[in-house]
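A short write-up of the structure that comes next.
Residue numbers (my numbering), protein chains in the order written: chain A, 1 to 300; chain B, 1001 to 1415.
Okay, structure coming up:
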């Protein structure tokens, strides 16, 4: 049973269709990446999942049931734009959000303190939110979305504003939560994080899903048309008819083959003029897939 | 419901702990006390202690007028008499007025064919209080002089001219009459109007400002994922309204303690002897809550359509005009609390909360008028909430610019 399911969901604002006939589903224990360029419809899709806006057509289901507000008590949400009460103390704020999700005050306070320790912000619990840095506020918002131990975690750009150390801390935490069987959906522009964390993705552009599925399968479905060569000798082979683009970094070349370019022929040509230490045919990165797909040059 | 109450509780606690609450709790009664005090001292002391030169061609008339002027204990005049006065004397006295050596010159010129002609020259053109006091002294002096000229002894003349004051009584529905004081009723009406207007507008605007603040901090996005927009708005209204009631309760308790003290006894006597009935005490929170809900709900809807507090400012006249109207009508309530305008203003929802209680201080209106004004207020609140919650629902997620009127109408249709 999927934890969250969107079936043929469409949402239009005045003259613009934000989301068109979008379908996706996420199971428990799955990390799902919602990708797309700015204005593609990611936030609109997430808002419909959270009941903030209502789809014009299609169906949203949470925990196997048609959307109902009561189900939101089992959902943790981190919005794209951070929303905290600036003049409130951090601990009061966390207790308040916990209570809104159905916790009693004492339990909410206890969990907030535990999470603050875990996210390394225990010293800031008695400070006002406005006194904290953007990254610290981001971690508070992160905690606020997890206090009630949700089964589904929805995070819109969870890594924005975080330094590498804190981004790694959030990554680890998300992986732990995934290990506990939580369903996690997040949107991001950081493709390296998607490759590292996500099991499945949905790439949307202009409100429509243009690519969806398991990361492994998507990458495997793309032609391996990139070659990394480490060599010594002449670089003449980089002018081969099999090559579309090549970058030479003195003995290390990154090559993109032409469509249906022959890697074996290129290897022969290279070996004829240089000593080859490494010749590796690599699959495209998600970033390349993203750019190709959104740019309309799908090479599936 | 649970989340609505949690939101109300958060609003209440955050506001009560805030500096603005503590500041306004002290400032508003202070402001009212200063205004009432200023009004009291202006009324009693504006023309007090003036130094007047009195010039007349008639010595007996000058003396009798001087005597009457000195009898006026409120005025506390110092009077210099020049009589019989020549034109040169008058010119010299005018120079004294010009150089501010004296405050004014009362010049009385008798006439064989008619009443004397009197002029008062001072540097202040609008000193009507002194003019009234001088006129009273002059007329009483003239009557006294005429009586003695007719052969009546001075003592008898004084007895004939002894003043009588009218005591005002107010009769209630049961036919019982009790002493009343017009000025006290006037001050009471203004005190009630202030006590209702200032917190209602203060908290209405505060509510609107906090919505804009929360909209710009994007906290609504999180809140809407756990609570419905209607719960958010109603919770906020309840929380802020409770803050207002708490503040008023503090004022009432503080006022009771102050008025009960020996220190306040001389201040709160006469015109300032303000008495509030049980019905007024019960109706005050009712009209406060209704007025607060009406204005706050109205401003909340508008605030959700704005991006900044400056944008909200342009809607301010919509609140200020009913308040002006309400204060403008209070003096007329004194003369005729049952005039058509008084009835309309105490039933018309935007002014009802500000006018009904001050009007009640003059004369208790019929029960049907209370019922009608409360009923109309409740209906208006329902209507305003209906519109505002729709604007609120859409507006709090709209960023970038203030919504235009056609956009607002579209939101109403589609939300």
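Think of the CB as a built atom: it goes at the ideal place given N, C-alpha and C, for glycine as much as any other residue.
By the Cβ-count criterion, residue 1300/B is buried, with 16 or more other Cβ atoms from all chains shown falling within 10 Å of its own Cβ.
Of all residues in the region 1015 to 1031 of chain B, none places a beta-carbon less than 7 Å from a beta-carbon of chain A. According to the DSSP secondary-structure assignment, residue 1108/B is paired through a beta bridge with 1056/B, 1118/B. Considering only 1005/B, 1003/B, 1133/B, 1354/B, the residue with the shortest C-alpha distance to residue 1320/B is 1354/B. Burial check for residue 1316/B: the Cβ neighbour count within 10 Å stays below 16, so the residue is exposed.
In the three-state reduction of the DSSP assignment, residue 181/A falls in the coil class. Cα atoms of residue 1067/B and residue 1247/B: separation of roughly 53 Å, rounded to the nearest angstrom.
Contacts between residue 222/A and chain B, judged by CB atoms closer than 7 Å, are missing: the closest CB pair is about 36 Å apart. In the same chain as residue 111/A, and ignoring 5 residues on each side of it, the C-beta atoms closer than 6 Å to its own belong to 147, in chain order. With a cutoff of 9 Å on beta-carbon distance, residue 40/A and residue 207/A are scored as near each other. Per the coordinates, the alpha-carbon of residue 97/A lies some 12 Å from the alpha-carbon of residue 88/A.
Close to chain A, meaning a Cβ-Cβ distance shorter than 7 Å, are the following residues of the region 1205 to 1219 of chain B: 1217, 1218, 1219.
Put simply, the region 129 to 148 of chain A does not touch the region 34 to 50 of chain A. Fewer than three CB pairs are less than 8 Å apart.
Taking 9 Å as the threshold, the shortest C-beta distance from residue 153/A to chain B does not fall below it.
Under the three-state reduction of DSSP, residue 199/A is assigned to coil, being neither helix nor strand. Beyond the five residues adjoining it in sequence on each side, residue 1083/B comes within less than 6 Å, by CB distance, of 1056, 1059, 1062 in the same chain, given in chain order. If you look at residue 213/A, you'll find it in the beta strand (DSSP E) that goes 208 to 214. Collapsing the DSSP output to three states places residue 31/A in a strand. Close CB contacts of residue 11/A within its chain, under the 7 Å cut and outside five residues either way in sequence, are with 18, 19, 44, 48, 53, 55, 56 (chain order). DSSP links residue 1051/B through a beta bridge to 1078/B. Assignment of residue 252/A by DSSP, reduced to helix, strand and coil, places it in the strand class. Contact between residue 175/A and residue 197/A holds: their C-beta atoms lie close to 7 Å from each other, under 8 Å. By the criterion of at least three beta-carbon pairs nearer than 8 Å, the region 1067 to 1081 of chain B is in contact with the region 1135 to 1151 of chain B.
Neighbours of residue 2/A across chain B, judged by C-beta separation under 9 Å, do not exist; the nearest C-beta is about 20 Å away. Listed by position along chain B, the residues whose Cβ is nearer than 9 Å to that of residue 58/A form an empty set, because the closest Cβ is around 18 Å away. Within the region 88 to 152 of chain A, the alpha helix (DSSP H) runs of at least 4 residues that lie entirely inside it are, in chain order, 90 to 100, 105 to 118, 134 to 144. Within the DSSP bridge table, the entry for residue 61/A names 5/A, 66/A as partners. In the three-state DSSP reduction, residue 1190/B falls in the helix class (H, G or I). At a Cβ-Cβ threshold of 9 Å, residue 293/A and residue 205/A count as neighbours.
Note on geometry: alpha-carbon atoms of residue 133/A and residue 124/A lie some 11 Å from one another.
Bounds of the alpha helix (DSSP H) holding residue 1295/B are 1278 to 1304.
Distance check between residue 62/A and each of 16/A, 160/A, 2/A places 2/A closest, using alpha-carbon atoms only.
Not a single C-beta of chain B is nearer than 9 Å to the C-beta of residue 277/A. Note that the region 68 to 85 of chain A touches the region 150 to 164 of chain A; at least 3 beta-carbon pairs, one per stretch, sit closer than 8 Å.
With a cutoff of 9 Å on beta-carbon distance, residue 1339/B and residue 1365/B are scored as not near each other. Within the same chain, and ignoring the five residues on either side of residue 234/A in sequence, the residues whose Cβ sits closer than 6 Å to its Cβ are 273, 274.
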